[in-house]
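Novice:
Number of protein chains: 2
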Amino acid sequence: MKVVAISGGIGGAKLALGLDRVLPPGALTVIANTGDDFRHLGLHISPDIDTLLYTLAGLDDPVRGWGRRDETWTFMQALERLGGETWFRLGDGDLATHVERTRSLDGGATLSAVTAELAARLGIGSAIVPMSDAPVRTRVETDEGWLDFQHYFVRRQCQPRVVALAFEGAASARPAAAALAALADPELAAIVICPSNPYLSVDPILSVPGMAEALRASPAPVIAVSPIIKGQAVKGPTAKLMDEIGLVPSAATVAAHYGSLVDLFVLDEADAGLDLGTQMACVSAPTLMRTLDDKVNLARRVLKLAERAT
Amino acid sequence: MKVVAISGGIGGAKLALGLDRVLPPGALTVIANTGDDFRHLGLHISPDIDTLLYTLAGLDDPVRGWGRRDETWTFMQALERLGGETWFRLGDGDLATHVERTRSLDGGATLSAVTAELAARLGIGSAIVPMSDAPVRTRVETDEGWLDFQHYFVRRQCQPRVVALAFEGAASARPAAAALAALADPELAAIVICPSNPYLSVDPILSVPGMAEALRASPAPVIAVSPIIKGQAVKGPTAKLMDEIGLVPSAATVAAHYGSLVDLFVLDEADAGLDLGTQMACVSAPTLMRTLDDKVNLARRVLKLAERAT
Numbered sequence: 283m284k285v286v287a288i289s290g291g292i293g294g295a296k297l298a299l300g301l302d303r304v305l306p307p308g309a310l311t312v313i314a315n316t317g318d319d320f321r322h323l324g325l326h327i328s329p330d331i332d333t334l335l336y337t338l339a340g341l342d343d344p345v346r347g348w349g350r351r352d353e354t355w356t357f358m359q360a361l362e363r364l365g366g367e368t369w370f371r372l373g374d375g376d377l378a379t380h381v382e383r384t385r386s387l388d389g390g391a392t393l394s395a396v397t398a399e400l401a402a403r404l405g406i407g408s409a410i411v412p413m414s415d416a417p418v419r420t421r422v423e424t425d426e427g428w429l430d431f432q433h434y435f436v437r438r439q440c441q442p443r444v445v446a447l448a449f450e451g452a453a454s455a456r457p458a459a460a461a462l463a464a465l466a467d468p469e470l471a472a473i474v475i476c477p478s479n480p481y482l483s484v485d486p487i488l489s490v491p492g493m494a495e496a497l498r499a500s501p502a503p504v505i506a507v508s509p510i511i512k513g514q515a516v517k518g519p520t521a522k523l524m525d526e527i528g529l530v531p532s533a534a535t536v537a538a539h540y541g542s543l544v545d546l547f548v549l550d551e552a553d554a555g556l557d558l559g560t561q562m563a564c565v566s567a568p569t570l571m572r573t574l575d576d577k578v579n580l581a582r583r584v585l586k587l588a589e590r591a592t
Numbered sequence: 283m284k285v286v287a288i289s290g291g292i293g294g295a296k297l298a299l300g301l302d303r304v305l306p307p308g309a310l311t312v313i314a315n316t317g318d319d320f321r322h323l324g325l326h327i328s329p330d331i332d333t334l335l336y337t338l339a340g341l342d343d344p345v346r347g348w349g350r351r352d353e354t355w356t357f358m359q360a361l362e363r364l365g366g367e368t369w370f371r372l373g374d375g376d377l378a379t380h381v382e383r384t385r386s387l388d389g390g391a392t393l394s395a396v397t398a399e400l401a402a403r404l405g406i407g408s409a410i411v412p413m414s415d416a417p418v419r420t421r422v423e424t425d426e427g428w429l430d431f432q433h434y435f436v437r438r439q440c441q442p443r444v445v446a447l448a449f450e451g452a453a454s455a456r457p458a459a460a461a462l463a464a465l466a467d468p469e470l471a472a473i474v475i476c477p478s479n480p481y482l483s484v485d486p487i488l489s490v491p492g493m494a495e496a497l498r499a500s501p502a503p504v505i506a507v508s509p510i511i512k513g514q515a516v517k518g519p520t521a522k523l524m525d526e527i528g529l530v531p532s533a534a535t536v537a538a539h540y541g542s543l544v545d546l547f548v549l550d551e552a553d554a555g556l557d558l559g560t561q562m563a564c565v566s567a568p569t570l571m572r573t574l575d576d577k578v579n580l581a582r583r584v585l586k587l588a589e590r591a592t
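Going down the list, the protein sequences come from chains A and B.
With the working numbering, letter number 45 in the first sequence gets 327, and the count goes up by one each step, no holes.
With the working numbering, letter number 132 in the second sequence gets 414, and the count goes up by one each step, no holes.
See below:
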């Protein structure tokens with residue numbers, strides 16, 4: 283039984299971790315958003331891939347909610363003294379990932395190969411695959427003009443009002459070979475769209491020509507888990523952004539957004555009975571993942587739903 | 283009164299610090315060896331410039347004897363786990379210097395400009411100037427073949443037997459403009475060759491076409507301080523290297539090596555009366571610099587000798 287998960291950063295990585303813990307090594311392929319990637323201080327940073335790497339390796343910081351546990355910040359302090367750019371916080375241990383990745387990419391390796399190597403070094407049994415080896419960059423049109431994603435997300439802390447989103451480079455990109463291979467695997471039993479931001483994390487992945495087609499072409503059921511509970515995002519700017527682009531922040535809006543791409547939509551139990559206003563099949567489940575048990579339980583539930591849907 | 287110091291790393295930086303503390307801000311220009319520079323993990327590392335920066339900024343680690351005080355090593359630990367190259371130890375705070383330098387150089391800045399900016403940020407009153415903005419790379423021919431300097435010095439810990447030295451790129455390099463300007467300054471009162479390794483630290487500087495000529499053209503006296511005391515190097519591989527290339531490890535050999543370039547040679551008091559076998563003027567002084575007072579006292583002594591020699 284093989285499973286593909288489509289994931290952005292922190293929210294998606296929670297369910298990816300549950301799936302990783304429930305499935306045998308090698309069964310799970312996580313296709314990660316790289317629209318948030320950027321070059322910063324000369325380093326190639328892939329925030330969502332890193333969140334997945336650290337989360338699946340058990341290196342994530344459970345208190346801060348991002349980055350690595352037991353992290354130190356000496357680099358940032360020294361950089362600040364040198365007048366360097368410090369708005370994007372890079373921990374000392376985290377830096378090793380960026381330095382190694384940048385060195386490998388500059389040496390001609392693909393992002394897929396670098397990511398596979400990092401995952402192997404960290405002892406991760408699941409595959410983590412970038413959506414594409416080509417650069418696709420999320421840009422955000424706001425009331426202050428166009429901003430690169432991290433400038434919107436981290437530097438400006440999502441404060442500017444969003445007008446539109448663009449995924450630069452998507453038109454000429456193609457899915458990473460390992461992503462297409464995982465989606466075409468005859469043993470594929472489920473495609474899980476994790477509870478990531480549909481507009482900022484999942485849409486960049488689906489914007490790569492051939493990716494949505496590969497999802498549709500697979501006989502495996504596509505199951506999406508809502509990132510919106512009772513009109514609120516568990517974390518991050520999803521609800522604010524939906525409101526700004528004229529959408530009602532609700533699980534129903536997300537379901538309608540995915541539309542026919544999704545076979546089954548998983549609502550949080552708090553939203554049970556919500557009128558999705560669509561013909562999509564839906565079920566409710568406890569989707570709030572605070573503990574590892576929550577993650578494992580939701581993963582089990584989603585895999586069971588996939589079995590039934592087949 | 284202006285002073286130029288010619289310096290490599292740790293040994294030279296001690297006297298440079300003494301001079302920096304004795305002279306008013308702006309009076310001292312330290313011309314630094316960049317033959318040890320290399321690209322490592324995608325970063326441009328300038329070990330001797332960094333030693334000078336940290337030493338003059340009071341950020342050097344007095345216990346370890348290299349790098350920054352209050353340093354942490356989380357990056358190295360994380361890099362090791364990722365299978366990265368860990369033979370060259372990069373502290374977390376030290377990394378900020380390399381990342382900022384690399385970013386600036388890749389953006390088109392000269393090494394002179396980057397170094398001046400770093401020194402300014404660290405509140406250093408003296409000028410630290412690379413010997414050249416062009417790459418000059420020390421290579422070491424050993425019984426194991428040719429080695430890049432840091433591979434010889436750090437990775438192999440100076441264990442291979444040295445046959446010869448080469449300064450790649452020197453022939454087509456030219457001195458940094460600020461180095462030439464400092465040497466041509468009509469107010470220049472002394473040129474001090476610090477007690478650095480003559481072959482590995484000072485020779486690369488003098489190998490840049492125009493540098494030795496600028497020293498000779500200056501009316502200021504050139505005063506060299508011996509890095510060899512009683513046939514031993516205070517630190518590092520100077521004596522071992524001299525022995526390997528067929529030279530007697532002695533202050534007299536160093537004096538003969540500098541020859542007519544130097545007007546006055548400062549021996550350690552332990553070597554007082556040593557027959558230099560040359561017509562060079564020489565004096566003895568306490569050259570072992572353990573404390574800041576030792577450094578300041580030797581700096582004062584050297585400056586006084588320069589006054590008399592003028």
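Backbone N, C-alpha and C fix where the C-beta goes; we use that ideal spot for every residue, glycine too.
For A378(A) and chain B, any beta-carbon pair shorter than 7 angstroms?
Specialist: yes
Novice: Straight-line CA distance for H279(A) to D557(A)?
Specialist: Here chain A has residues from 283 to 592 only, and residue 279(A) is not among them.
Novice: Below 7 angstroms CB to CB, which residues in the same chain sit around A446(A) once its five sequence neighbours on both sides are set aside?
Specialist: E423
Novice: If I measure Cβ to Cβ from S508(B) and keep anything under 8 angstroms in the same chain, skipping five residues before and after, which residues do I get?
Specialist: P477, A533, V536, A537, F547, V548, L549, D550, D553, T569
Novice: So, using beta-carbon positions, are G405(A) and P457(A) closer together than 7 angstroms?
Specialist: no
Novice: Do the stretch 508-521 of chain A and the stretch 283-298 of chain A make contact, defined as three or more Cβ pairs closer than 8 angstroms?
Specialist: yes
Novice: Per the DSSP calculation, I475(A) is bridged to which residue(s)?
Specialist: Note: I475(A) sits in a beta bridge opposite I288(A), A506(A).
Novice: Starting from F357(B), trace the alpha helix (DSSP H) both ways and give me its first and last residue.
Specialist: For F357(B), the uninterrupted alpha helix (DSSP H) run begins and ends at 356-363, by DSSP.
Novice: Evaluate T592(A) with the Cβ neighbour count: other Cβ atoms within 10 Å of its Cβ, from every protein chain shown; 16 or more gives buried, anything less gives exposed.
Specialist: exposed
Novice: Does the stretch 406-416 of chain A come close enough to the stretch 456-475 of chain A to have 3 or more Cβ pairs within less than 8 angstroms?
Specialist: The stretch 406-416 of chain A vs the stretch 456-475 of chain A: in contact.
Novice: Which residues in the same chain have their Cβ closer than 8 angstroms to the Cβ of A499(B), if we skip the five residues on either side of it in sequence?
Specialist: L465, A466
Novice: Helix, strand or coil: how does DSSP classify I410(B) here?
Specialist: strand
Novice: Would you say G293(A) reaches chain B, if we count a Cβ-Cβ gap shorter than 7 angstroms as a contact?
Specialist: no
Novice: Taking 7 angstroms as the threshold (beta carbon to beta carbon), is E382(B) in contact with chain A?
Specialist: yes
Novice: Using 7 angstroms as the limit for Cβ to Cβ distance, is G290(A) near chain B?
Specialist: no
Novice: In this structure, what does DSSP give as the bridge partners for W428(B)?
Specialist: W428(B) has E423(B) as its beta-bridge partners, per DSSP.
Novice: Taking just the CA atoms, how far does R421(A) sit from R572(B)?
Specialist: 56 angstroms
Novice: By how many angstroms is the C-alpha of D376(B) removed from the C-alpha of P486(B)?
Specialist: For the pair P486(B) and D376(B), the Cα-to-Cα distance works out to about 24 angstroms.
Novice: Note down, in chain order, all residues in the stretch 431-451 of chain B with a beta-carbon under 8 angstroms from any beta-carbon belonging to chain A.
Specialist: none
Novice: Of all the residues that make up the stretch 307-323 of chain A, which are near chain B by a beta-carbon distance shorter than 9 angstroms?
Specialist: L323
Novice: Closer than 9 angstroms between beta carbons: that is the criterion. Which residues of the stretch 538-558 of chain B meet it against chain A?
Specialist: Taking 9 angstroms as the Cβ-Cβ cut-off against chain A, none of the residues of the stretch 538-558 of chain B qualify.
Novice: Could you give the distance in angstroms between the alpha-carbon of P417(A) and the alpha-carbon of F435(A)?
Specialist: The alpha-carbon atoms of P417(A) and F435(A) are separated by roughly 18 angstroms.
Novice: Between the stretch 327-336 of chain A and the stretch 293-306 of chain B, can you find at least three pairs of beta-carbon atoms closer than 8 angstroms?
Specialist: no
Novice: Going along chain A in order, which residues have a C-beta closer than 7 angstroms to the C-beta of G366(B)?
Specialist: A378, E382
Novice: Using only CA atoms, which one of L323(B), T337(B), D425(B) lies nearest to C440(B)?
Specialist: D425(B)
Novice: Are any of the Cβ atoms in chain A nearer than 7 angstroms to that of F370(B)?
Specialist: Using a Cβ-Cβ cut-off of 7 angstroms, F370(B) does not count as an interface residue toward chain A, since no Cβ of chain A sits closer than that to its own.
Novice: Could you tell me how far apart the beta carbons of D430(B) and R438(B) are, in whole angstroms, since I believe they sit closer than 8 angstroms?
Specialist: D430(B) to R438(B), Cβ: 10 angstroms. No contact.
Novice: Give the interface partners of D388(A) over in chain B, defined as CB-CB distance under 8 angstroms, in chain order.
Specialist: G324
Novice: Measure from the C-beta of G375(B) to each C-beta in chain A and report whether the shortest distance is under 7 angstroms.
Specialist: yes
Novice: Can you list the residues of chain A that L400(B) reaches, using a CB-CB cut of under 8 angstroms?
Specialist: Simply L364.
Novice: Taking 7 angstroms as the CB-CB limit, is L338(B) close to chain A?
Specialist: no
Novice: Sorted by chain position, which residues of the same chain lie with C-beta nearer than 7 angstroms to L361(B)'s C-beta, five sequence neighbours on each side aside?
Specialist: T368
Novice: Taking Cβ-Cβ distances shorter than 8 angstroms, what residues in chain B pair up with T397(A)?
Specialist: Result: empty, since nearest Cβ-Cβ is about 12 angstroms, beyond 8 angstroms.
Novice: Roughly how many angstroms separate the alpha carbons of A563(A) and V504(A), rounded to a whole number?
Specialist: Take the alpha-carbon of A563(A) and the one of V504(A): they are about 11 angstroms apart.
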